[in-house]
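Take a look at the structure set out below.
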Ligand SMILES: C[S@@+](CC[C@H](N)C(=O)[O-])C[C@H]1O[C@@H](n2cnc3c(N)ncnc32)[C@H](O)[C@@H]1O
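Numbering (our numbering), first residue to last: 717 to 1168.
Structural data, given as structure tokens:
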């Protein structure tokens, strides 16, 4: 095996170390910028070189031993070889670099971390597999379909670890086989767990509708895990990577859970989006609402609203809020959420945000919150948004790359921005959550639009 000594120049946005060999980029997993490392050259292609660490000659001050004993096998986390300070520093620098490539003088506020960067995930989704006589659950090893089982996953709520173990025991006792994707046999494909203040939802994603042993299985879970307040079966018979299927039945309890976020009670159904880190989410939403600087007279649009969280929190300080979201269960939750909290100034629409914006003929919208999925907003959506000419746009994103792209477009059409705020919603992983305020430049009639 060919080895060589190198110095890590920088990290990719996925946290992979980069150096150079014969002008070709050299990628080294689990390396930290500034480190001097002896690497094994595992693959040298025409354009790229891939290496692994042989020996760390001069470690970074951010290097630490990961707490998780399957960290180097499991693809779930990416930064646990860095101290938490190092992870936050990496996230701030990554966002700064992305913005510096497109703009001058953008200030990135240092990434706001979590007091305890472990056991934060309130949603866990794990695939199952048969290994010998055992059933295992865990995350897929990077770029494979091989499951790496864990005893205790350190980023998920600890009750979830207990539930996963108990589900596997109950499956064995009731002779319920895990799904086999090669042969399209077996029953349970994934386990999905959602935790809230006092309630816990367990969703069993199955290949087929009914299966022998189901009632005993559910009874045994209820007996062993009284913390589980509802059990749902979701049926997904498709041969895809999409986890949830269309059809579902409630096997026990009410079929949803309630959580409280920023002092508002939210109903959450299995298919509705809900932020996975409550502590950090409250910090993020508080900043987003603060940036809007609402006076009570504004009409607000919450685009990509999920179960209505941001809009409902903003509604306390706004005249009126409308929310739009594509997932019908999420909109049903949002409508219920307004009712149970006695919020009367919010309306929710189930539609593709792009289509909604194009067809909107209501009153002038003053403030828009956007919180799109990872792919960001389409140009059609952004063009409609620009025609609306809101005074302020608060753009929340879980993918700074697409946020920069969209912010650049909005900036070219008359929206200024100064600062980017980062929140660490996903400690131990490379994912970053950001929020920024875009304000309409004062350019007279150019951006104004006529509403019918
Ligand atoms: C990042 S989540 C944000 C949800 C919500 N703002 C929150 O913080 O809980 C993005 C949401 O956009 C929804 N979505 C995805 N594509 C959409 C589209 N084309 N139109 C409307 N909503 C969409 C997803 O279902 C999801 O609820």
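From the three backbone atoms N, C-alpha and C, an ideal C-beta is built for every residue, glycine too.
Report task. Find out if the Cβ-Cβ distance for the pair residue 1093, residue 1147 is shorter than 8 Å. Result -> no
Query raised in the report: Assuming residue 837 and residue 868 make a contact with CB atoms under 8 Å, what is their CB distance in whole Å?
Result: No, residue 837 and residue 868 are not in contact; Cβ-Cβ is about 13 Å, not under 8 Å.
Query - C-alpha gap between residue 788 and residue 875, whole angstroms - result: In a straight line, the C-alpha of residue 788 is about 24 Å away from that of residue 875.
Query raised in the report: Based on the DSSP secondary-structure assignment, which residues constitute the bridge partners of residue 1138?
Result: 1150
**Report entry** Reduced DSSP category for residue 965 - H, G, I as helix; E, B as strand; rest coil
**Finding:** strand
Query raised in the report: From residue 907 to residue 770, what does the alpha carbon distance come to, in whole angstroms?
Result: Each residue's Cα considered, the two are about 37 Å apart.
Report task. Could you give the DSSP three-state label for residue 1036: helix, strand or coil? Result -> strand
Report task. Could you tell me whether any non-hydrogen atom of ligand 1 is closer than 7 Å to the CB of residue 959? Result -> When distances are taken from the beta-carbon of residue 959 to the heavy atoms of ligand 1, even the shortest one reaches 7 Å or more.
Query raised in the report: Which of the three DSSP states, helix, strand or coil, is assigned to residue 831?
Result: coil
**Report entry** Check: residue 822 C-beta below 7 Å from any heavy atom of ligand 1
**Finding:** Every heavy atom of ligand 1 is 7 Å or more from the Cβ of residue 822, so no.
Query raised in the report: From this set, 966, 863 and 1029, which residue's C-alpha is nearest residue 978's C-alpha?
Result: 1029
Query - Which listed residue (735, 1125 and 898) has its alpha carbon closest to that of residue 765 - result: 735
Query - residue 1155, DSSP secondary structure in three states - result: Three-state result, residue 1155: strand.
Query raised in the report: Going straight from the alpha carbon of residue 1084 to that of residue 856, what length do you get?
Result: Taking the Cα positions, residue 1084 is about 38 Å away from residue 856.
Query raised in the report: Taking the beta strand (DSSP E) that residue 1085 falls in, what are its first and last residues?
Result: 1083-1086
Query raised in the report: Do you know whose CA, among 1140, 816, 820 and 796, lies nearest residue 998's CA?
Result: 1140
Query - Whole-angstrom distance between residue 1158 and residue 970, CA atom to CA atom - result: Taking the straight line from one Cα to the other gives about 51 Å.
Report task. Please classify residue 728: does DSSP put it in a helix, a strand, or coil? Result -> coil
**Report entry** Minimum C-alpha distance to residue 1047 - residue among 983, 738 and 833
**Finding:** 983
Requested in this report: Give me the Cα-Cα distance between residue 1076 and residue 1066, rounded to the nearest whole angstrom.
Outcome: 13 Å
**Report entry** ligand 1 heavy atom lying under 7 Å from the CB of residue 1022
**Finding:** yes
Report task. Examine ligand 1 and report whether any of its heavy atoms sits within less than 7 Å of the Cβ of residue 1043. Result -> yes
Report task. Would you please state the rounded distance, in angstroms, between the beta carbons of residue 909 and residue 901? I believe it to be under 8 Å. Result -> With a Cβ gap of about 25 Å, residue 909 and residue 901 do not count as contacting.
**Report entry** heavy atom of ligand 1 below 7 Å from residue 1037 C-beta
**Finding:** Incorrect: residue 1037 has no Cβ contact closer than 7 Å to ligand 1.
Query raised in the report: What do you reckon, is the C-beta of residue 989 under 7 Å from a heavy atom of ligand 1?
Result: For residue 989, the CB falls within less than 7 Å of some heavy atom of ligand 1.
Query raised in the report: Going along the chain, which residues of its own chain have a beta-carbon closer than 7 Å to the beta-carbon of residue 774, five neighbours each way excluded?
Result: 751 and 752
Query raised in the report: Quick one: does the C-beta of residue 1089 sit closer than 7 Å to a heavy atom of ligand 1?
Result: yes
Report task. Would you mind working out which of 812, 887, 1059 and 870 sits nearest residue 844, comparing C-alpha positions? Result -> 887
Report task. Taking 8 Å as the cut-off, decide whether the C-beta atoms of residue 1000 and residue 1151 are in contact. Result -> yes
**Report entry** Cβ shell of residue 1007 (< 6 Å), same chain only, five flanking positions each side left out
**Finding:** 1110 and 1153
Query raised in the report: By how many angstroms is the C-alpha of residue 1086 removed from the C-alpha of residue 732?
Result: 30 Å
Query raised in the report: Between residue 780 and residue 854, is the Cβ-Cβ spacing less than 8 Å?
Result: no
Query raised in the report: Of the choices 895, 1102, 1143 and 1069, whose alpha-carbon is the least far from that of residue 833?
Result: 1143
Query - As assigned by DSSP and simplified to three states, the class of residue 934 - result: Residue 934 falls in the helix class under three-state DSSP.
**Report entry** Assigned secondary structure, residue 770 (DSSP; H/G/I helix, E/B strand, else coil)
**Finding:** Note: residue 770 maps to strand in three-state DSSP.
Query raised in the report: What's the C-alpha gap between residue 1039 and residue 1025?
Result: Cα-Cα distance, rounded: 10 Å.
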